[in-house]
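Inspection log for the structure reproduced underneath, given as structure tokens.
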Amino acid sequence: MLEAYFRERAEGFPAEQGVYRTTFPDQRFFTPPAGVFLVAEDDDVAETAPGEAGPGAMDAAAEPLACGGVRRIQRDADAPVTFEVKHLWVRPEARGRRLGRAMLEELERRARAFGAGELVLDTNASLEAAGGLYRSSGFVTIEPYNDNPNATNWYGKRL
1 MLEAYFRERA
11 EGFPAEQGVY
21 RTTFPDQRFF
31 TPPAGVFLVA
41 EDDDVAETAP
51 GEAGPGAMDA
61 AAEPLACGGV
71 RRIQRDADAP
81 VTFEVKHLWV
91 RPEARGRRLG
101 RAMLEELERR
111 ARAFGAGELV
121 LDTNASLEAA
131 GGLYRSSGFV
141 TIEPYNDNPN
151 ATNWYGKRL
């Protein structure tokens, strides 16, 4: 699933911003309680680590439709416990079914359960639908919290 995500991001990355940098996530950061990575298939959301099979992993015949994760990150000492949304993506053929919103809501729920007081994320301005989803879900523009060369916009939400 992440291979397809990264392929689409690289193909659609604005040429004036250079080359998209692909960085596969370290699955240790997406293992409870440090985080979680979810894959949606039809009506289910199966929990699995990136690139791994395991409890809740998808049936080999199932077609994954969407994915996303949250991981705990270190911010300022006086900041609340912060989790970052990563790799939220819906396959093109599954878009328009509100899977992105459902995935974001579930990731927020999981982050709260892990003790998060804040969610942050970065994105690229070329991903207009993603920016709209984040803003309509209560995220507001924040100062950059990382040095992701693919990002142009940073968002945060107090929980």
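Residues 1 to 159 in full-length UniProt numbering are what the sequence shown spells out, letter by letter.
From the three backbone atoms N, C-alpha and C, an ideal C-beta is built for every residue, glycine too.
Straight-line Cα distance separating residue j from residue i
i	j	result
T147	V90	Checking the sequence shown, residue 147 turns out to be Asp, not Thr. Between D147 and V90, the C-alpha separation is close to 25 Å.
F114	V36	10 Å
Y134	V19	25 Å
G12	Y5	11 Å
A10	R112	31 Å
R28	E128	30 Å
E105	T152	23 Å
R72	A34	5 Å
H87	D78	27 Å
F24	S137	26 Å
E8	D26	20 Å
E47	P92	With a pLDDT of only 48 at E47, under the threshold of 50, the placement of this residue in the model should not be trusted; the figure read from the coordinates follows. Near 21 Å, if we compare the C-alpha coordinates of P92 and E47.
Y145	A130	19 Å
G132	R21	23 Å
N-terminal and C-terminal residue of the alpha helix (DSSP H) that residue i is part of
i	result
L133	128 to 136
G96	Counting along the chain, G96 falls outside any alpha helix (DSSP H), and DSSP gives it neither H nor E.
Reduced DSSP secondary structure (H/G/I, E/B, other) of residue i
i	result
G12	helix
residue 164	Given that the chain is displayed from residue 1 to residue 159, the structure contains no residue 164 and the question cannot be resolved.
G18	coil
A125	coil
E63	coil
E106	helix
Pick from the options that is closest to residue i, judged by C-alpha positions
i	options	result
R158	A130, N150, E108	E108
T31	E8, D42, G69	G69
E143	S137, E3, R21, Y155	Y155
P149	Q17, M1, P33	Q17
A15	G132, N124, A40	N124
V39	L2, F24, R21, T22	L2
E41	R95, R110, G132	R95
A116	R21, R75, T22	R75
Range of the contiguous beta strand (DSSP E) that encloses residue i
i	result
T82	82 to 90
N153	153 to 158
G69	66 to 73
A40	35 to 41
Say whether the stretch 61 to 69 touches the stretch 99 to 114, bearing in mind that this needs 3 or more beta-carbon pairs closer than 8 Å, one atom from each stretch.
yes
Is the stretch 80 to 96 touching the stretch 120 to 130, taking contact as three or more C-beta pairs under 8 Å?
yes
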